[in-house]
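Structure, as structure tokens:
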Amino acid sequence: MAKSITTSIRLELSLNKKLEKAAHDLHRGKNWLITEAILMYLKQLENSSLAEEAKQQSLLVSKMEKSDNDLWETNSDQTNWIF
Numbered sequence: 001m002a003k004s005i006t007t008s009i010r011l012e013l014s015l016n017k018k019l020e021k022a023a024h025d026l027h028r029g030k031n032w033l034i035t036e037a038i039l040m041y042l043k044q045l046e047n048s049s050l051a052e053e054a055k056q057q058s059l060l061v062s063k064m065e066k067s068d069n070d071l072w073e074t075n076s077d078q079t080n081w082i083f
């Protein structure tokens, strides 16, 4: 069995009513629903962070490629090439 802790949160009445209805409709406990919501949110947050990191890496690589292309064009032997 997975280890767990007990915590408490304060919800607005309207949110609590929605939570109770969703738990009832899904035949699940409120705890399960809250846990699933937190897991989904954290996964989305992680994916967002990974996407941002990938974007930054892409920008860094594009800057490197430009300097590499300039270096190649400067140092390449293009004699007898048809342009």
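Quick note on full-length UniProt numbering: the sequence shown kicks off at 1 and runs consecutively.
Where a beta carbon is used, it is the ideal one built from N, C-alpha and C, also for glycine.
Nothing here was measured: the structure is a model prediction, and the numbers come from that model.
Backbone CA spacing between residue i and residue j [nearest angstrom]
i          : j          : result
residue 6  : residue 28 : 18 Å
residue 50 : residue 33 : 26 Å
residue 15 : residue 21 : 10 Å
residue 11 : residue 59 : 42 Å
residue 61 : residue 48 : 20 Å
For residue i, three-class secondary structure by DSSP
i          : result
residue 31 : helix
residue 44 : helix
residue 57 : helix
residue 80 : coil
residue 74 : helix
residue 4  : coil
residue 26 : helix
residue 39 : helix
residue 11 : coil
7 Å Cβ shell around residue i - same chain, five flanking residues per side excluded
i          : result
residue 38 : none
Inter-residue CB distance, residue i and residue j (contact presumed, cutoff 8 Å)
i          : j          : result
residue 23 : residue 30 : 5 Å
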